[in-house]
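Residue numbers (our numbering), protein chains in the order written: chain A, 475 to 931; chain B, 5 to 828.
A quick write-up on the structure given underneath.
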């Protein structure tokens, strides 16, 4: 979005500087201080999972089931889940996530005092990803890549696996005013809604996971010659134009594209994984869970290959306005095993130490029922998310909501704080990671954000 | 404060006394090179309209702001260094007022410059907008004073003695004056061939053919460049290709798409009729005021025949094609959301004002109140929207379509039925309902008896029935009683009930205020004789009349700016869809006023005439070459010292590839791929037999490709097509490897490269020379021959590649060059 700052001088110089920065491409850059995490795997739970049914145990809510909420017509709805303590830490995780609870309670750093600005999906979803629900801003992944670069030049440094096309769409992995090289590459077609999977017997849209990644009619040698020809002609044009970021960017794009053709198919091929690993993740279990299992395994492979930021959007909606218990059971069944497997797998490979795994939705849900009394409404005032691995405390709860889980009251953590913390773990100072666009230094956290030091290991 | 101030004065004067006598450059130049950059870099972040911040009530980005100052008094008092707080702050003379905060003091050289500037009277060329707007003009009084809500007025055309030969039109004089003010001069004219390529893409979205070039050069020889160019412009504006290009610009603004978007994305099989209406309207140069009225209230216009009536009704499709939530919590909520979308889309498109912000609270930046918003809600809630989606399990919102005359020969894509089949379908539905009732009764009985009711009636059955009924309704909607295919369009008519709306607190339907708001329009716009809404009409027609009132401050300005943007790459107001406080201020306010008045008065709202005036200016004709001095001064080319370069749009890139390969089919296809596929969830499109994987598969112009929200044809998605859920006056340009992969590997480019190679071979007819092949290919792609170095680069390619498809791969590479998809 190039809006904003008309007559500030030197906006074009900023563009030129941008081009220069981008010509450095994705090469690794030094963080501001030693990093605790080298990469991020973001498990995005779209729709807003109910925190009071998953990670935020509220005995008071359990006791007062059915009572009016704040004297109004809404009634409190106790959770139907059991909240046992797990691991050495005794972290409470509901019965919805048996695998995660059994194997990783001591790895999770749960923030129970999250809050965000708006209780509506697209806005909150976009704010979760970019910090802003109002303006088009670079996404968290793009900022991370901008700050650190990528160690693998043959792959995009930021990959998003089958993101939703609504909820802000490409904004959520876009680069906005950052050079386009930092934007997320989408791998995998749209995920078919469950209803249609049932109808068609297929879980994914037909077609290759990534379009145009291969041309069977042309040899690599010929393609190499083509790229050289294009670059030769483009450079001449660039010379005569003196200043043309579009052309400079194009020359790089063709080079990167050429290399991606070899690298990506290798990584996408999950068949090379041993059967034990496939089983661990739950590949072959069928349905949506199968898809998510493949995505989680692919996320690990991408992270392993040097991709800086991988986002996986779970192929299920947590937007449970009705039939809460049935739907929660479905969504957790799809996600529990693959997520637990991902953590196990990363740990086994010694990667969990420097990989930050983030699990979050765009908000949580109300402690009171809505509609026919069997669902929960959106709640932006208090909810839970967790992180694991790279530099965070394990088996730890941070902050708290009130007795009912309605509002974050103890050590509240805003999206800006979360972003500041994630950048901190990556070795980046959120106040120093700026990009000058049209005369103003922009940050992921705008003018807000405090690193949540309590969660740092 | 005062007493403290005197303590630093002495010190500062001591520190910076050796500046006197320096030969002062021209005031403006000094400010631009020595003062403004530091203001921008060090101060604007906290003290500018653009940043939306005015710490301490201080704005430093305008002349008035810097002189009026903030809470502590004037920042700059011309000629008086000791009274200028800005200097106190930046020289760190006062411990509690050190600016920029928490940073090193600015270098002494800079401080000296500031001192010199203030002492020489602080000459400040910044003329933009008003001064002290530390708070946004949200009340009516200050809102009405905001530039955008003031009627455009005629300004005297600047006439500089330095500008005897350059300017050929009034607009050139405005441009020249601003350049001159900033010590810049316009660029030389572009080469005729560059100009030809530019005007072809800009007006019709296609490159000139070899014949076009030959004709143009011959015409220049015969009648000179001026006349030849004017003649060329006339030809292009008269071509049907013009409507396909400029209609598409409007479709961006109209957030045109062929599906509902949002969480249940259902296709709109009749949306294409509105698309064709827009293309035709531009080709027929329907005056813009009329065009506005047709889209907002075509159903209320008198028509002389069925064809005109159909055209009017189709125009109102504008209001029905917006993104639509098919699964809102209730029907009421859906209707409220539809009205909201209509208000949002139309106020942004026609007025570049974001009225819909006032749904939940008074606008935070502009003088738009909740009352204004709900006055418009009444208008749209008193209208009925026809969007035509069949009810199903994931779509709770069924919608009808508007019936058009069946005798006009309009294309229809569904088969007629035998009358018996219609009767049978109706019977099926009756039976289905009867069975369902019976099952429900049994289930209710079971509940009473304490038994499990699901044996008789389960959720699955309920969903199944909705689906089955929906399917029957969907089929019945396509035919009349006798089974003849209906001809239908999306659109709007008057509603069954005409009523005012209450204000809903926080926009929530559960909390209406007691009284209602009379239907009307935002009060910040004052018109001499504003149209009154009769009690028994929705008010859409009056809304359209109000918008196109000759005194309306925005409609003509906004449209003139949109036209300008497409010809000069950036709007005079860069935020084409937001003229409000949060938008940008015009770079050339007088010129914008001039153009708005020209559009209304001189051109009688003719868009073609406005375009003609703009492209026949000297400003448009400038070369796009780099000039170091001007670039350093104005890198963004806001002052128009040259023509800005641009990358071609997605449509132009695709059309140009079809064009040079000789594959382009200029025939307008009947309907669209979506029209031929029928109403369904977009997630199922990949399974439809007639839908190619890249949603392309045609050789018609790109404007006819399907536009499904969140599911665009590859080429559109990759090359920055408009976000079809938003009003888009300006598309972004990105540069990503996926675009490169499209050129290297896509089916579409493979096919073009093959055709291109055959075309070259045919043209050469057996001449077996690489040189000739390259020349022919180059001429087709770039309308010129390759120079020696380009030939050498080509020969290096052929040295490495000599298979049977070498020519094809060479051609493909040419189609992939930056030269091919950029315009000088």
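In this text, a Cβ means the ideal position worked out from N, Cα and C, and glycines have one as well.
query	result
Could you check which residue in 842/A, 595/A and 749/A has the C-alpha nearest to that of residue 545/A?	842/A
What does residue 829/A reach in chain B if we use C-beta pairs closer than 9 angstroms?	Here the premise fails: no neighbours, minimum Cβ distance about 25 angstroms.
Which class does residue 747/B belong to by DSSP, given the choice of helix, strand or coil?	helix
If you compare alpha carbons, which of 264/B, 271/B, 224/B and 295/B is closest to residue 251/B?	295/B
According to DSSP, is residue 494/B helix, strand or coil?	coil
Between residue 731/A and chain B, is there a C-beta pair that is closer than 7 angstroms?	yes
Looking only at its own chain, which residues have a Cβ that is under 8 angstroms from the Cβ of residue 832/B, when we skip the five neighbours before and after it?	Limits of chain B in this structure are 5 at one end and 828 at the other, which puts residue 832/B out of reach.
Can you check whether the C-beta of residue 70/B is within less than 7 angstroms of a C-beta belonging to chain A?	no
On the premise that residue 887/A lies in contact with residue 684/A, defined as a C-beta separation below 8 angstroms, what is that separation, rounded to the nearest angstrom?	With a Cβ gap of about 35 angstroms, residue 684/A and residue 887/A do not count as contacting.
Would you mind working out which of 797/A, 808/A and 537/A sits nearest residue 756/A, comparing C-alpha positions?	808/A
Give the residues from the segment 744–773 of chain B that approach chain A closer than 7 angstroms (Cβ to any Cβ), ordered along the chain.	744, 745, 746, 748, 749, 750 and 754
Could you spell out where the beta strand (DSSP E) holding residue 659/B opens and where it closes?	Here residue 659/B belongs to no beta strand (DSSP E); instead the alpha helix (DSSP H) covers 654–664.
Is there at least one Cβ from chain A nearer than 7 angstroms to residue 34/B's Cβ?	no
Between 440/B, 448/B, 422/B and 490/B, which lies nearest to residue 466/B when the distance is taken from Cα to Cα?	440/B
Sorted by chain position, which residues of the same chain lie with C-beta nearer than 7 angstroms to residue 26/B's C-beta, five sequence neighbours on each side aside?	Caution applies to residue 26/B, whose pLDDT of 38 falls short of 50 and renders its modelled position unreliable; the value that the coordinates give is listed next. 120, listed in sequence order.
Rounded to whole angstroms, what is the Cα-Cα separation between residue 69/B and residue 78/B?	9 angstroms
In chain A, which residues lie less than 9 angstroms from residue 3/B when you measure between Cβ atoms?	Residue coverage of chain B in this structure runs from 5 to 828, which leaves residue 3/B outside it and unanswerable.
With 8 angstroms as the limit, tell me which residues of the segment 535–568 of chain B have their beta carbon closer than that to any beta carbon of chain A; keep them in chain order.	none
With respect to the alpha helix (DSSP H) encompassing residue 774/B, which residues constitute its N-terminal and C-terminal limits?	774–786
Looking at the unbroken alpha helix (DSSP H) that takes in residue 281/B, where does it start and where does it end?	276–287
Measuring only the C-alpha atoms, how far is residue 713/B from residue 478/B?	22 angstroms
Check each candidate in 577/A, 902/A, 622/A and 905/A and name the one with the smallest Cα separation from residue 815/A.	577/A
Tell me which residues share the same chain as residue 234/B and place their Cβ nearer than 7 angstroms to its Cβ, disregarding the 5 neighbours each side in the sequence.	620
Can you check whether the C-beta of residue 734/A is within less than 7 angstroms of a C-beta belonging to chain B?	yes
Is residue 29/B buried or exposed, if buried means 16 or more other CB atoms sit within 10 Å of its CB?	The pLDDT assigned to residue 29/B is 42, lower than 50, so where the model puts this residue is not dependable, and the model offers no usable value.
Mind checking if residue 724/A is an interface residue toward chain B, Cβ cutoff 7 angstroms exclusive?	yes
Indicate whether at least one CB of chain A lies closer than 7 angstroms to the CB of residue 776/B.	no
Using 7 angstroms as the limit for Cβ to Cβ distance, is residue 741/B near chain A?	yes
Distance, Cα to Cα, residue 301/B vs residue 544/B?	6 angstroms
Against chain B, with Cβ distances strictly below 7 angstroms, would residue 447/A count as a contact?	Nothing in the structure corresponds to residue 447/A, since chain A is present only between 475 and 931.
Counting pairs of Cβ atoms below 8 angstroms between the segment 825–836 of chain A and the segment 505–518 of chain A, do you hit three or more?	yes
Counting only beta-carbon separations shorter than 7 angstroms, does residue 797/B have a partner in chain D?	No chain D is present in this structure, whose protein chains are A and B.
In the DSSP assignment, find the unbroken beta strand (DSSP E) run with residue 852/A in it and report its ends.	849–853
Can you list, in chain order, the residues of its chain with a C-beta nearer than 8 angstroms to that of residue 812/B? Leave out the 5 residues immediately preceding and following it.	757, 758, 760 and 761
Can you tell me which of 653/B, 657/B and 623/B puts its alpha carbon nearest to the alpha carbon of residue 642/B?	623/B
Under the assumption that residue 626/B contacts residue 614/B (Cβ atoms under 8 angstroms), give the Cβ distance between them as a whole number of angstroms.	Actually they do not touch by this definition, with Cβ atoms about 19 angstroms apart.
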